[in-house]
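Numbering (this note's numbering), first residue to last: 6 to 396.
We put the CB at the ideal spot given by N, CA and C, even for glycine.
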Ligand SMILES: NC(=O)c1ccc[n+]([C@@H]2O[C@H](COP(=O)([O-])OP(=O)(O)OC[C@H]3O[C@@H](n4cnc5c(N)ncnc54)[C@H](O)[C@@H]3O)[C@@H](O)[C@H]2O)c1
Ligand SMILES: [Zn+2]
Ligand SMILES: [Zn+2]
């Protein structure tokens with residue numbers, strides 16, 4: 006089959022790889038009909054390269070049609086239409102039972118000290134082949150896949166694999182008071198959905214991003230916006246009676262613009278051989294923390310910051326004195342996809358499309374064009390906001 010594989014820093018290719026086969030009784034094989042590119046793929050494309058290996062298959066936002074199931078999979082059959090959550094989780098361990106599927110104790114990558122295995126997400130999360138491919142082997146298919154109807158187009162359901170529940174969790178963790186103000190930093194796909202979810206739940210939402218077409222998309226959905234380049238703390242406070250927003254979702258992560266020191270560290274690490282680079286990431290501050298620091302400055306005293314954006318360094322300095330003094334609550338983590346599906350499924354199937362899932366994708370291409378699309382998405386060229394591959 007054809008798959009999009011990683012070859013080096015900022016280098017991905019489409020190549021022929023062996024078709025996946027059932028390995029465990031709880032596996033399924035899914036033929037992929039749509040597979041999105043995520044902001045997290047951009048971290049693997051560049052900063053987290055030291056944890057990638059040549060020919061790793063990328064992709065963790067897929068959906069498709071079940072081709073084959075193992076003997077232990079009784080909830081699915083050939084021909085079912087399914088969305089595949091990016092977490093690989095068992096559904097019955099202590100963590101899964103608490104709705105913490107991203108920490109699943111059955112699939113945790115213990116040798117790396119990380120949480121649940123993830124599709125297409127580097128050595129850190131188990132080097133499991135991903136879904137930007139014609140076929141995908143789905144472990145723990147007796148629990149993970151979300152069965153969906155056959156009437157509506159893929160775009161209605163596809164984002165249940167990752168960014169929609171990620172945005173939902175980000176807003177839940179932001180703990181916005183009734184009628185309060187939520188600021189969303191970053192209006193990429195995650196930030197778009199976090200802002201729209203905030204509106205849907207009745208909050209005032211202010212979205213911040215340096216890219217004009219991303220702000221314009223958010224404005225179409227009733228979100229107030231702010232250009233990142235314009236001293237945002239003062240402006241946010243001015244718009245909120247001098248206090249700052251009650252809650253902030255960081256939907257940017259470790260590659261934020263406007264952070265020269267972090268950019269320097271990320272480039273320096275990029276020049277080291279993999280083993281040394283891994284050591285550097287694990288012992289040094291390679292994150293560009295400008296958004297986290299900005300959120301600590303801007304949030305109102307006693308407010309909550311919720312990090313959806315992914316961070317990777319271990320020794321990144323945090324302004325603890327200010328965080329303590331301002332009594333800030335901080336929550337974060339990979340999304341627990343399955344936990345939020347019952348909340349989200351009715352919304353994506355609602356005819357009025359309350360979260361605007363049909364207004365996100367800007368580019369839709371075959372797998373062959375995926376390498377060009379990684380570049381476009383990373384450089385934010387050609388109005389690129391969300392890419393869907395149709396293998
Ligand atoms: N927690 C999870 O489970 C989870 C799931 C999916 C994605 N993510 C993470 O969420 C983040 C966003 O993903 P995405 O798909 O929306 O990607 P993206 O890269 O398209 O979005 C990032 C956005 O942040 C904006 N930005 C950059 N610097 C900024 C700054 N200083 N201030 C304000 N905005 C700034 C960019 O213009 C862009 O619009 C990534 O870190 C990704 O890894 C986390
Ligand atoms: Zn993702
Ligand atoms: Zn589990």
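| said: Buried or exposed, going by whether 16 or more other CB atoms sit within 10 Å of the CB of residue 269? | reply: Counting the other CB atoms within 10 Å of its CB gives residue 269 a total below 16, which places it among the exposed residues.
| Do you know how far the Cα of residue 364 is from the Cα of residue 76? | 39 Å
| Who are the near neighbours of residue 80 in its chain, counting only those whose CB is closer than 7 Å to its CB and skipping five residues on each side? | Within the same chain, residue 80 has close Cβ partners 147.
| task | Compute the beta-carbon to beta-carbon distance between residue 212 and residue 308, rounded to the nearest angstrom, for a pair I have assumed lies under 8 Å. | result | Not quite, the Cβ-Cβ distance comes to about 17 Å (not below 8 Å), so this is no contact.
| Does any heavy atom of ligand 1 sit closer than 7 Å to the C-beta of residue 194? | Checking every heavy atom of ligand 1 against the Cβ of residue 194, one is found closer than 7 Å.
| query | Between residue 184 and residue 209, what straight-line distance do the alpha-carbon atoms span, to the nearest angstrom? | reply | 7 Å
| Do residue 171 and residue 133 have their CB atoms nearer than 8 Å? | Result no, Cβ atoms of residue 171 and residue 133 do not sit closer than 8 Å.
| request: Closer than 7 Å by C-beta to residue 385: which residues in its own chain qualify, once you throw out the five before and the five after it? Chain order, please. | output: 216
| field | Separation of residue 396 from residue 383, as counted between CA atoms | value | 21 Å
| request: Could you check the C-alpha separation between residue 228 and residue 6 for me, to the nearest Å? | output: 42 Å
| said: Any heavy atom of ligand 2 closer than 7 Å to the beta-carbon of residue 160? | reply: no
| query | Does DSSP classify residue 16 as helix, strand or coil? | reply | strand
| task | Ignoring anything shorter than 3 residues or poking outside the region 300-357, list the beta strand (DSSP E) runs there in chain order. | result | 309-312 and 334-337
| Contact under 8 Å by Cβ, residue 366 with residue 160 | yes
| task | Check whether the Cβ atoms of residue 169 and residue 124 sit closer than 8 Å, and answer yes or no. | result | For the 8 Å CB-CB criterion, residue 169 and residue 124 do not form a contact.
| query | Rounded to a whole number of angstroms, what is the C-alpha to C-alpha distance between residue 122 and residue 306? | reply | The alpha-carbon atoms of residue 122 and residue 306 are separated by roughly 36 Å.
| Within 7 Å: the Cβ of residue 268 and any heavy atom of ligand 1? | no
| request: State the Cα-Cα distance for the pair residue 67 and residue 247, rounded to the nearest angstrom. | output: 43 Å
| Alpha carbon of residue 149 to alpha carbon of residue 94, nearest angstrom | Straight-line Cα distance between these residues: approximately 7 Å.
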